[in-house]
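Protein chains in written order, with UniProt numbering: chain A, 1 to 333; chain B, 1 to 333; chain C, 1 to 333; chain D, 1 to 333. All C-beta atoms, glycine included, are put in the ideal place defined by N, C-alpha and C. Just so it is clear, the structure is predicted and the values come from calculations on it, not from any experiment.
Number of protein chains: 4
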Amino acid sequence: MTRIALLGCGRIGKMHAATIARAEGAALAAVYDPVTAAAGEIGRRYGCPVAASAEEAIALADAVLIATSTATHADLIEAAARAGKAIFCEKPIDLSLARVVACRKAIAGFDRPVQIGFNRRYDPGHRAARDAVRAGEIGDLRQVIITSRDPGLAARDYLKVSGGIFRDMTIHDFDLARFMLGEEPAEVFATGSTLVDPTLAEFGDVDSTMIILRTASGKLCHINNSRAAAYGYDQRVELFGAKGMLISGNRRAHQVERFTAAATGAGEPYLDFFIERYVEAFEIGLKSFLRCVAANATPDVTFDDGEKALVLAEAAIRSKAEGRFVRVDEITG
Amino acid sequence: MTRIALLGCGRIGKMHAATIARAEGAALAAVYDPVTAAAGEIGRRYGCPVAASAEEAIALADAVLIATSTATHADLIEAAARAGKAIFCEKPIDLSLARVVACRKAIAGFDRPVQIGFNRRYDPGHRAARDAVRAGEIGDLRQVIITSRDPGLAARDYLKVSGGIFRDMTIHDFDLARFMLGEEPAEVFATGSTLVDPTLAEFGDVDSTMIILRTASGKLCHINNSRAAAYGYDQRVELFGAKGMLISGNRRAHQVERFTAAATGAGEPYLDFFIERYVEAFEIGLKSFLRCVAANATPDVTFDDGEKALVLAEAAIRSKAEGRFVRVDEITG
Amino acid sequence: MTRIALLGCGRIGKMHAATIARAEGAALAAVYDPVTAAAGEIGRRYGCPVAASAEEAIALADAVLIATSTATHADLIEAAARAGKAIFCEKPIDLSLARVVACRKAIAGFDRPVQIGFNRRYDPGHRAARDAVRAGEIGDLRQVIITSRDPGLAARDYLKVSGGIFRDMTIHDFDLARFMLGEEPAEVFATGSTLVDPTLAEFGDVDSTMIILRTASGKLCHINNSRAAAYGYDQRVELFGAKGMLISGNRRAHQVERFTAAATGAGEPYLDFFIERYVEAFEIGLKSFLRCVAANATPDVTFDDGEKALVLAEAAIRSKAEGRFVRVDEITG
Amino acid sequence: MTRIALLGCGRIGKMHAATIARAEGAALAAVYDPVTAAAGEIGRRYGCPVAASAEEAIALADAVLIATSTATHADLIEAAARAGKAIFCEKPIDLSLARVVACRKAIAGFDRPVQIGFNRRYDPGHRAARDAVRAGEIGDLRQVIITSRDPGLAARDYLKVSGGIFRDMTIHDFDLARFMLGEEPAEVFATGSTLVDPTLAEFGDVDSTMIILRTASGKLCHINNSRAAAYGYDQRVELFGAKGMLISGNRRAHQVERFTAAATGAGEPYLDFFIERYVEAFEIGLKSFLRCVAANATPDVTFDDGEKALVLAEAAIRSKAEGRFVRVDEITG
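Here you go:
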């Protein structure tokens, strides 16, 4: 039984609490949130102590799940590492690459599992597609196309402090690109526009992006993002290789199709939003973490993966600013 | 070059004229229709003589395409056979099984090709599905499900003299069932209702039917019909066997799918009506006939097939009237 | 909190135990199974008492979930009713219509909820389709087509005592037909064959069936069954009405499609078997039962629904034997 | 009746000859090809004169269809214009932008229709998608994604003189991007790799490309190309807007889907190659040209469109060479 301290009891924290409660071999050891009402609600619901501080929660547990606001992630990783507890940290590690590098150095030598919450790697569809590529089903991989569009614009207050679309949203796609390519991107081109909400330009952000990654061996990857999609959460991955193509598609709540004088084969809008779309991925990801904790093994998604995705985001930011193909090795923490 | 006399210049006659005009190795030798304006229009368009009688048209040709009203088919088959000309006759041969039997006897010994216009056998999808079954792709065939729904009710005047839904509409599905099953149906159950237009009951017809056929070896086949379908012409064939299933589906004018807040993956309504849906089938069927004429070979769809489909229609009529599983061998001309 | 006694700890009992454990507002009060090892395993896993008899388990609970072998269902329903406990009973109530009628009479006046386990009514897709029909989305319903094929033949020992395909397998489809039609079937035609395993004929059963139901107003319903389908558990419902059609389709484990030189758009085989395919339905059905227990309300699927589905099965058996359209009112307990 | 001189009797010339022969209101006036056997074959087949020179063919006709090798297009456009004949010219006008500009100047003031053979604009699916966007169905257009992959690598001898992938293959996609965007691309980024055949690097070409276009208003467009796709000719256009998305998908020879223990919903490989995939587009494009000739109207795809697509190709070439976002207005003939 792995006893987990949950730090952060917002939307994603609640979801993790439910996942932990359902998982065999796991239990909530304690919850903590600076908003005590939020922590109290989860504590009551699952019958676990509400800690007065993150440190207190960490002390009560075997492992720590960090789902607090981004700015606190690196500090809490360091605190959990000091306490010798296995760590599951929501993405991103930090918005500052320098802080991530410092965190990495601070926990150097820490020998317990550290897993970063890039949940999409655990989606059964995305995973099956990746496995098929690794198994040689489509021959040498040549192109990856990732379409990633949120159903609707997040709150302006959130967006202002999000670090910008590349660090906040595309970072998932950068991780997925690395996962699928099986080779590090060497060059990044990125551009973007404010097509959903022009006022995002006030704080230098965009809501629509297109990106191209190229690996050393020449593999090509395209990512497109939008902060809004009328038809639901759009999460597609296309893998194109010498012998074929795999597409991991969207999910609907059920498989009803409608046929009328206006249209045929019409299905439901796509599952909205990530907690619904990736419900299995969150569960499988947690189970994978629990297995790593039990065996003291290296997770599928490491601190290093968290850092590398952020490096790609930094490269994208520079590319967009300078209008050129940026080499990833130009980016240093 | 096969010179063809076209008898009957209505909707389906016009379509055949265009198909003949496009086909290599075929030409219109003459056209005839009791409505001289209709014949004249086709004659002018394709630059061929308008005959004063069916006999005159037949005399000018190597082969005869009979697309006149049903009541005249058997007489014209006999006339063409007497003249020694190859025959392509639209379905059904006649609404009366006795007349069909008499016609068969009348042309006994005729040694030129006689093809009946069961166009669906030539549809590329249906044909590919049948070929896959024959090739063993789904193992032993166990069930066939044919969905066949017209886009909208035909004119009441037509329906009154149509011979009823089993002889007029289901007859295509009976032929397709035989084509797909690869074994003769031995028993027939049929029922029906007036759900589209209750006034059809005034002349004893129904607009919605469900049928079950069973072969001697136990293969099962379901057919459902409706005289109206809001979403277009619905023509599906499902073949279910020991190792898998094949579905030959509907066709749309193009492959655009729409994704909105209301629906995802919505395509166009289905192609409406049979001339559009089965455009390739009509063309391939005519080419097949031309090859048979050239080689004096037996067509894929013979007079015998026309008679057997009508026998199944008669069995369905009796089954519906008597509420029981009717043995096909109870039906005699 | 509703405390539930689980009677029967086989495959479906285990599934119900997990569902109860996950459900808010429910807990396992006790488990019982004549195979004590099976009961013990569930008791240990969920930390609940293992009762020495069904009666003892019933006494410990607010509600009883009957998942024992079919022959015991009616007795246990009566025992639970005598004890005044709400009842959730797996289908079928009994293989004998006479026993079902006797059970109904025995519990006449019992005023706690009795729900029969026709899980498919709770499937999100089937339910959404039914709701759309009720909302008038496709106009007047005209035809229902239910395709229901198991992935593989059950064990011969099970089949021998199953009561035959109509009572054991089709009974789900009869219930679904009633649910979808919104009107009682008035006539039944059924036929069948042994196409999967000819030796089933030794005990008078078939493995492949086709059925037609007709309501008083003329609505038509086709059901086809097979005890084996190579491509997985095939569970489709097609609802055809004056203004359109709805199809509730099959489910795959994920949405990956493969494109190769051999095929395009190829997905996974369908989810196999009912516990996987209908996982949500079992959960929603239990939640619905819990709400009824809390409010002492009438469930969506009543004892009466269990009896009516069995009446249709009896009508199908008679129809197949006599080769005729059987009126449902010919069947009496 | 428009009498057309066909210049060039290779693969695409043959296809045009057949289209002209089928079209109402058009006839082949003469054919010419430096390979006299090729011209002779078409002449015999359609019963039209074989001219000894392009000039002679032009003189016999009302309109000229130029399907010769690319290097001769501009000269023949000028010759046809001098002769006062309407012009349909296959893409590209020339591989040299300077030559295209010179040709434009040479025919300045010519007042007969000049249509460039960007056939994809006439594809029923692509056209319906574009029309839906124009009709406001998906609100403001935000992103366009064009996937364009040939089934297999063209002959090396052809590729060597093709002008490179951007001028030879992507040029179709550049035109389609302009057609769909409804606004001129202002900036171009392009990269590429030799993933299909590394030896293409010997003459400086690539076989796999990814491109991003951005318009002045911020609309984003991604194009990906591959010279080979195992599953057939892959031609998809995705249009993403404020209110929804449209996808114009691939086409199969028929609509059969296969369901086995290995896969469900598997269709045929896609239609291969452009003559099959775009058969309707070629026909509709020719009909549109014939209407323009008859009415002396401006075609949908003008000389200017041919030039603008080439400008985008030049921008892509420069972008790939310099690794930067190239402004389209940097490119001048």
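Delimiting residues of the alpha helix (DSSP H) encompassing His-73 of chain B: 73-82
Alpha carbon to alpha carbon, what distance is there between Gly-204 of chain A and Thr-147 of chain A? Spanning the two alpha carbons is a distance of roughly 23 Å.
Buried or exposed, going by whether 16 or more other CB atoms sit within 10 Å of the CB of Pro-198 of chain D? Answer is exposed; the Cβ neighbour count stays below 16.
Hey, does Ile-317 of chain A have any beta-carbon neighbour from chain D nearer than 9 Å? no
Determine, using beta carbons only, whether Leu-214 of chain B and Ser-319 of chain C come nearer to each other than 9 Å. The question names Leu, yet the displayed sequence has Arg at residue 214 of chain B. For Arg-214 of chain B and Ser-319 of chain C, no; Cβs fall outside 9 Å.
Enumerate in chain order the residues of its own chain whose CB-to-CB distance from Pro-124 of chain C is below 7 Å, with the five nearest sequence positions on each side excluded. Glu-280
Can you tell me the Cβ-Cβ gap for Pro-299 of chain B and Pro-113 of chain B, rounded? I've got them flagged as a contact below 8 Å. 5 Å
Along chain F, in chain order, which residues have C-beta atoms closer than 8 Å to that of Ser-226 of chain A? Chain labels in this structure do not include chain F; the protein chains are A, B, C and D.
Mind checking if Ala-261 of chain C is an interface residue toward chain D, Cβ cutoff 9 Å exclusive? yes
Whole alpha helix (DSSP H) elements within the region 238-318 of chain C, 4-residue minimum: 274-277 and 279-295
Taking the C-alpha atoms as reference points, what is the distance between Thr-70 of chain B and Asp-272 of chain B? 23 Å
Which residues mark the beginning and the end of the alpha helix (DSSP H) in which Val-101 of chain A is found? 97-106
Please check if any C-beta of chain A sits within less than 9 Å of the C-beta of Arg-258 of chain C. yes
The region 242-254 of chain B in contact with the region 171-178 of chain B per 3-pair CB rule at 8 Å: no
Through-space distance from Ala-106 of chain C to Glu-183 of chain C, alpha-carbon basis: 27 Å
Measure the C-alpha to C-alpha separation of Val-100 of chain B and Arg-236 of chain B and round it to an integer number of angstroms. 29 Å
Within this structure, are the beta carbons of Arg-227 of chain C and Val-188 of chain C separated by less than 9 Å? It is not a contact, given that the beta carbons lie outside the stated cut-off.
One question on the structure: do Val-50 of chain A and Ala-63 of chain A come within less than 9 Å of each other, judged by their Cβ atoms? no
Just checking: is the beta-carbon of Tyr-270 of chain D within a distance shorter than 9 Å of some beta-carbon in chain C? yes
Is Lys-219 of chain A buried or exposed, if buried means 16 or more other CB atoms sit within 10 Å of its CB? buried
Work out the CA separation of Glu-24 of chain D and Gly-109 of chain B for me, nearest whole Å. Those two C-alpha atoms are separated by around 43 Å.
So Phe-325 of chain A packs on Arg-324 of chain D, CB below 8 Å; how close in whole Å? 7 Å between Cβ atoms; contact.
Give the straight-line distance between the Cα atoms of Asp-329 of chain B and His-222 of chain B, rounded to the nearest whole angstrom. 19 Å
Which first and last residues belong to the alpha helix (DSSP H) in which Ala-17 of chain D is found? 11-22
How far does the alpha helix (DSSP H) with Arg-210 of chain A in it extend, from its first residue to its last? First, the amino acid is wrong: residue 210 of chain A is Met here, not Arg. Careful: Met-210 of chain A lies outside any alpha helix (DSSP H), inside the beta strand (DSSP E) at 208-215.
Of the residues that make up the UniProt domain "GFO/IDH/MocA-like oxidoreductase" (126-246) of chain D, which ones have a beta carbon closer than 9 Å to any beta carbon in chain C? Ala-229, Ala-230, Tyr-231, Gly-232 and Asp-234
Is Asp-234 of chain A helix, strand or coil by DSSP? strand
Against chain C, which members of the region 10-35 of chain A pass a CB distance test of less than 7 Å? Arg-22
Closest Cβ-Cβ distance between Ala-59 of chain D and chain C: below 9 Å? no
Contacting positions in the region 88-120 of chain A - beta carbon closer than 8 Å to chain D: none
Looking only at its chain, what residues have a beta carbon closer than 8 Å to the beta carbon of Asp-111 of chain D, apart from the 5 residues adjacent to it on each side? Within the same chain, Cβ atoms closer than 8 Å to the Cβ of Asp-111 of chain D are found at Asn-296, the five residues on either side in sequence being excluded.
Would you call the CB atoms of Leu-60 of chain B and Ala-30 of chain B closer than 9 Å? yes
Determine the chain C residues that contact Gly-267 of chain D at a beta-carbon separation under 7 Å, and present them in chain order. Ala-263, Thr-264 and Gly-265
Assuming the contact rule is C-beta atoms closer than 8 Å, Ile-212 of chain D and Ile-145 of chain A should be a hit. Round their C-beta distance to whole Å, please. Actually they are not in contact, since the Cβ atoms of Ile-212 of chain D and Ile-145 of chain A sit about 13 Å apart, beyond 8 Å.
Could one say the Cβ of Gly-84 of chain B lies closer than 9 Å to chain D's Cβ atoms, at least one of them? no
Any idea what DSSP makes of Ser-185 of chain C, helix, strand or coil? Note that residue 185 of chain C corresponds to Pro in the displayed sequence, not to Ser. Here Pro-185 of chain C sits in strand by DSSP.
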